[in-house]
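Student: Input: one structure, supplied below.
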Amino acid sequence: MYNVMSPKAEEFISDEEIKECLKYAEENKNNRELIEGILEKARDMKGVSHKEALVLLDCELEDLNDEIYKLAREIKQEFYGNRIVMFAPLYLSNYCINGCEYCPYHVKNRTIKRKKLSQEEIREEVIALQDMGHKRLALEAGEDPKNNPIEYIIDCINTIYSIHHKNGDIRRVNVNIAATTVEEYRMLKDAGIGTYILFQETYNKESYEKLHPSGPKSDYAYHTEAMDRAMDGGIDDVGLGVLFGLNNYRYDFTGIIMHAEHLEAYKGVGPHTISVPRLRKAEDIDPEVFDNGISDEMFQKIVACIRIAVPYTGMIISTRESKECREKVLELGISQISGASRTSVGGYAEPEPEEENTEQFDVNDNRTLDEVVKWLMEGGYVPSFCTACYRAGRTGDRFMSLLKSKQIVNCCHPNALMTLKEYLEDYASPETKAIGEELIKKELEVITNPKVKEKAREYIENIHEGQRDFRF
Ligand code: SAM
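Start counting at 1 in the sequence shown, then tack on 1, and there's your number in our numbering.
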């Protein structure tokens, strides 16, 4: 039994404890013996504490940094193999009553065009996304109880799940909307969402309050305790994130690991995913103003150290990052990426006219989904369109046990290959298809259970007969 009375935000994200960790890591960044000891513990692949993880992040000893990267690669390979899960964001509405200083949807922005998709427009967007080959979406919306109430979000989810165009369907809808009540989280759960995602932006209360001067999001405790309420509402896959560039990265790195530890301790299961977005230029936003930008090298180290600290948590990278940057972090720990994203409200069915800019931020990777899929396969990865887990009830601790028992190779791997085959058959260019067919043949051999291997092979060979969506 887990303690249902979770501590309050300022207890599980203790400012005093984080400041102590910052001092400790600074003092020990060249302490060979200590760092070697932490690495030794980390090699068990069961994670390390927030304090230990920060020492690794701060480590200045070159040979030990090489060890950190090596271990991150090994953990990634051990738990996630070479599969990369694909998704796309879908922006429903940019109406927002919050005052977030870094987001162009903020309430005082009078120049951005406000837009909210109708159910008919959602149909058009979803058909366009299905025609690219997407099966998994992340819904995004500003916070505005009048324009985007929970009933609107639920209608959108129902519409999305109801559309089956040619062989296409959206099989998993993740949701990234503002912090809300247990009752509303329960409504999302009942509508069949996958992961509930909410970025903390920063764990530093003082910075948080400056960055969120007005609107419901200005309440630090309400925002920070959102994941506890989501879990109380029955959602057991939750996704954390901080927006790097807003505040000191060492503080927020420590905070996000503490948050993961809190969920594991009080809810019995850690976060399903951690996202690592970096602040981008947007309509009336200049990232330079925030003065906390991090280099690509530090960004890579953050990914590696999160991978080591919480091996059981998937990691997500978006098109905020360039192709080159995405390539580097894929091997260090990323397990999900978006492709061909639009951050405007609408824009998949018809590109947005220039004068109608509704975008949340500029994307850095503008490739088509086919180009991303081909690039991944050429790099030795298996792009996966799998959405099986939550539909088969493998969420929360049940997914974690699958991961911990290393049975993913007989579950995720065949599912990845079968959904990749669906993609190749229905949507890929001839060149991508040729590369994919060869890859699938090779990767089928990785499956260790002979019955599973046979079943997957059978599905893959007979797919042209029209069957879709078989899964383990
Ligand atoms: N409105 C919801 C909320 O407040 O949590 C969530 C949706 S918001 C569309 C998704 C995320 O985009 C935010 O949590 C924030 O981290 C990120 N974001 C906002 N402005 C950004 C910018 N200029 N560059 C990069 N990411 C940004």
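A virtual CB, placed ideally from N, CA and C, is assigned to each residue, including glycine.
Please read all numbers here as calculations on a predicted model, not as lab measurements.
Within its chain, find whatever has a CB closer than 7 Å to the CB of H107; leave out the 5 residues flanking it on each side and keep chain order.
Tutor: C97, N99, G100, C101
Student: Count the other C-beta atoms from every protein chain shown that fall within 10 angstroms of the C-beta of H224, then say buried if there are 16 or more, exposed otherwise.
Tutor: buried
Student: Tell me which same chain residues have a C-beta within less than 8 Å of the C-beta of L58, skipping the five on either side of it?
Tutor: A26, R251, F254, K302, I303, C306
Student: Is Y103 near the ligand SAM, with its Cβ less than 7 Å from a heavy atom?
Tutor: yes
Student: Residues in the same chain with beta-carbon distance under 6 Å from N4, minus the five sequence neighbours each way, listed in chain order, please.
Tutor: Confidence at N4 is low in this model, with a pLDDT of 47, below 50, so its placement is unreliable and no value can be given for it.
Student: DSSP state of K456, grouped into three classes?
Tutor: helix
Student: Beta-carbon within less than 8 Å of E68's beta-carbon, same chain only, minus the 5 sequence neighbours each way: which residues are those?
Tutor: L40
Student: Does the ligand SAM have even one heavy atom less than 7 Å from the beta-carbon of P312?
Tutor: Not so, every heavy atom of the ligand SAM lies at least 7 Å from the Cβ.
Student: Cα separation between E79 and S296?
Tutor: Looking at the two C-alpha atoms, the distance is approximately 28 Å.
Student: What are the uninterrupted segments assigned as alpha helix (DSSP H) that are 4 or more residues long and contained completely in the segment 256 to 283, given in chain order?
Tutor: none
Student: Quick one, which of D363, P352, M87 has its alpha-carbon nearest D287's?
Tutor: D363
Student: Tell me whether M316 sits in a helix, a strand or coil according to DSSP, three-state version.
Tutor: strand
Student: Which first and last residues belong to the alpha helix (DSSP H) in which A129 is found?
Tutor: 120 to 133
Student: How would you label S7, buried or exposed, when you count the other beta carbons within 10 angstroms and need 16 or more for buried?
Tutor: buried
Student: Apart from the five residues on each side of it in sequence, which residues of its chain come closer than 8 Å, Cβ to Cβ, to V49?
Tutor: Taken in chain order, the residues that qualify are I39, K42, A43, L57, I309, A310.
Student: Just the C-alpha distance for C104 and G347, rounded to the nearest angstrom, thanks.
Tutor: C104 and G347 have their C-alpha atoms spaced approximately 18 Å apart.
Student: In whole angstroms, what is the alpha-carbon distance linking S208 and E18?
Tutor: If you draw a straight line from the Cα of S208 to the Cα of E18, it comes to about 17 Å.
Student: Could you tell me the distance, in whole angstroms, from the CA atom of K442 to the CA atom of E289?
Tutor: One C-alpha to the other measures close to 48 Å.
Student: Report yes or no: do three or more beta-carbon pairs, one from the segment 234 to 241 and one from the segment 387 to 400, lie closer than 8 Å?
Tutor: yes
Student: Would you mind stating whether E61 and N29 have Cβ atoms separated by less than 8 Å?
Tutor: Against a cut-off of 8 Å, the Cβ pair of N29 and E61 comes out as no contact.
Student: Helix, strand or coil: how does DSSP classify V304 here?
Tutor: helix
Student: Can you give the Cα-Cα distance for E202 and L280, rounded to whole angstroms?
Tutor: 10 Å
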